[in-house]
Amino acid sequence: MSFSSHGDVSPTTLTSSTSPWRRASLSSTHSMGRQQPSKMRRRALAGFFVCLALFLWATSSSYRARITSWRDTVQQATLQHTDKAGAPKLLRLSMLYGEENEYYKRALETQQKHSERWGHELKVLREDISMGAWNRPSYLLSTIVQELAKPREERAEWIMWLDADSIILNPAIPPEIFLPPRELPDIHLVATQDPAGLNTGLMFLRVHPWSVQLLTEAAAYHLYNPGAYIGLLADQEALRRALRRPDAGWNNQGYRPNAVYIPRAWINAFEWSRGYEGNKGDLLVHFAGLKEADRWQHMADWLDIVGRHPGEWEASPEDTGLAANATLYWETVQAATQAVRVMENKVAGMPGETWAELEEKVKWTNATKELQTVLWEHADDVELLRATARDLVTGGL
């Protein structure tokens, strides 16, 4: 039996009746008889939100210019097959061991060609170094530790993990466009979600002690919880649970502030029994949505398409709109992150001596937490993130 890391997700869950995450209303009712804020305080509060809106607008404009320049740097560096000129140095990992499987082998060949095109090294785990599903976090952990032991100028900055059951369809897309710009140095994990939550089929981990701590906790989960059943994809579920812990991780603040989800179709589009969820020009097709009985035929069909017509699905990120969408995404994350920080500081200084003042403070505390939750859990819904940020800035005036 061959082993690669993939997820079996039922396609029916994609359209299930799971309750959608709903944004809480920012409106607030004032009971009769309660003291109202003074006109001066209301004017000061209104002035603050006007300033915040102008700040976010100005930041967004300058940030777009900075991130466009950063994209140009990445393109120049990748075309030259070098990690210089400011582009992040990327190391790619996957795994395939056990009995030979021609489909996984050919899928990895598409990944190897993609790696070579953009000047990346691809390392594939060929031996069992742990117990079943725990090979992935163990391999990731050991690689990141080895990179951290190198001098800074020699180590990779990011690790890109890609499951062996993923076929590259559009090799014209450089993976670097999905990484956060240097203006967001505290983001250490970039991943996608499936209907059940975090999907580890493709993810980017920064070479950083934060990643060491996260992977250590995930890899050790079965040792500290010997009686817990967390499904067939145990390592993926262990990572999900570690990310949800509010008191774990770096500085005991939890892992979520340093992780972000991007739209799955951009980099991790699934093949379901009913067909491909992506579009022509997307990076790859991932077979996590199929049971093993169906996987081989679907993989054979896609491998035939890639083999016979290698350029049919190829298109530049500019032509597909992916470059612009990625730019807008990181711009939105940046603006939302700044809004949360500004509001946290402002709320901390708000008075709370009267009922009206306390009510006002609670309202904006909840609104700030709402945006933070969207940023942590639903950033892959870019429109929701932008709308929630707008609500925080303009609501209640």
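Going by UniProt numbering, the first residue of the sequence shown is number 1, and it counts up by one from there.
Glycine is no exception: its CB is placed at the ideal position from the N, C-alpha and C atoms.
Limits of the alpha helix (DSSP H) - the one that residue i falls within
{"i": "residue 161", "result": "Segment 158–162 is the beta strand (DSSP E) holding residue 161; no alpha helix (DSSP H) there."}
{"i": "residue 91", "result": "That residue, residue 91, is in no alpha helix (DSSP H); its beta strand (DSSP E) goes 90–95."}
{"i": "residue 286", "result": "Unbroken run through residue 286 is the beta strand (DSSP E), 284–286; no alpha helix (DSSP H)."}
{"i": "residue 146", "result": "135–148"}
{"i": "residue 320", "result": "317–320"}
{"i": "residue 371", "result": "355–377"}
{"i": "residue 385", "result": "382–394"}
{"i": "residue 123", "result": "Where residue 123 is concerned, there is no enclosing alpha helix (DSSP H), although the beta strand (DSSP E) it sits in stretches over 121–125."}
{"i": "residue 154", "result": "Here residue 154 belongs to no alpha helix (DSSP H), and DSSP marks it neither H nor E."}
Start-to-end residues for the beta strand (DSSP E) that takes in residue i
{"i": "residue 207", "result": "Element bounds for residue 207: n/a, residue is neither H nor E."}
{"i": "residue 237", "result": "Not the beta strand (DSSP E): residue 237 falls in the alpha helix (DSSP H), residues 234–244."}
{"i": "residue 255", "result": "First-last for residue 255: undefined, no H or E at that position."}
{"i": "residue 194", "result": "189–194"}
{"i": "residue 168", "result": "166–168"}
Residue nearest to residue i in terms of C-alpha spacing, selected from the options
{"i": "residue 96", "options": "166, 354, 310", "result": "166"}
{"i": "residue 313", "options": "140, 298, 173", "result": "173"}
{"i": "residue 338", "options": "153, 184, 171, 94", "result": "184"}
{"i": "residue 161", "options": "186, 125, 148", "result": "125"}
{"i": "residue 376", "options": "296, 261, 344", "result": "261"}
{"i": "residue 132", "options": "311, 236, 317, 242", "result": "236"}
{"i": "residue 285", "options": "254, 169, 309", "result": "169"}
{"i": "residue 403", "options": "355, 354, 340, 356", "result": "Because residue 403 is not part of the residues shown, which for the chain are 1 to 397, the question remains open."}
{"i": "residue 102", "options": "182, 295, 328", "result": "295"}
{"i": "residue 118", "options": "175, 356, 291", "result": "175"}
{"i": "residue 344", "options": "201, 393, 309", "result": "393"}
{"i": "residue 218", "options": "181, 264, 139", "result": "139"}
{"i": "residue 128", "options": "263, 154, 99", "result": "99"}
{"i": "residue 264", "options": "325, 130, 307, 360", "result": "325"}
CA-to-CA distance, residue j to residue i, given in whole angstroms
{"i": "residue 382", "j": "residue 365", "result": "22 Å"}
{"i": "residue 178", "j": "residue 362", "result": "36 Å"}
{"i": "residue 293", "j": "residue 272", "result": "13 Å"}
{"i": "residue 92", "j": "residue 379", "result": "24 Å"}
{"i": "residue 121", "j": "residue 163", "result": "15 Å"}
{"i": "residue 239", "j": "residue 215", "result": "8 Å"}
{"i": "residue 233", "j": "residue 196", "result": "12 Å"}
{"i": "residue 247", "j": "residue 88", "result": "30 Å"}
{"i": "residue 40", "j": "residue 186", "result": "Bear in mind that a pLDDT of 48 at residue 40, under 50, signals an unreliable position, so the model cannot answer this."}
{"i": "residue 387", "j": "residue 151", "result": "43 Å"}
{"i": "residue 390", "j": "residue 298", "result": "43 Å"}
{"i": "residue 290", "j": "residue 354", "result": "58 Å"}
{"i": "residue 137", "j": "residue 356", "result": "51 Å"}
{"i": "residue 268", "j": "residue 220", "result": "27 Å"}
{"i": "residue 243", "j": "residue 199", "result": "12 Å"}
Rounded distance between the beta-carbons of residue j and residue i, thought under 8 Å
{"i": "residue 374", "j": "residue 358", "result": "Not quite, the Cβ-Cβ distance comes to about 25 Å (not below 8 Å), so this is no contact."}
{"i": "residue 250", "j": "residue 258", "result": "7 Å"}
{"i": "residue 287", "j": "residue 277", "result": "Their Cβ separation, rounded to whole angstroms, is 12 Å, which puts residue 287 and residue 277 out of contact at 8 Å."}
{"i": "residue 254", "j": "residue 245", "result": "6 Å"}
Closer than 7 Å: residue i CB and nearest the ligand FMN heavy atom
{"i": "residue 334", "result": "Annotation note on the ligand FMN: not contained in the displayed structure, which lists no ligands."}
Segment contact, 8 Å Cβ cut-off, at least three pairs: the region 210–230 with the region 343–360: no
Three CB pairs or more closer than 8 Å across the region 102–119 and the region 297–309: yes
Cβ pair count under 8 Å reaching 3, the region 180–198 against the region 217–226: no
The region 274–286 / the region 309–327 touching (three or more Cβ pairs under 8 Å): yes
Segment contact, 8 Å Cβ cut-off, at least three pairs: the region 143–152 with the region 202–215: yes
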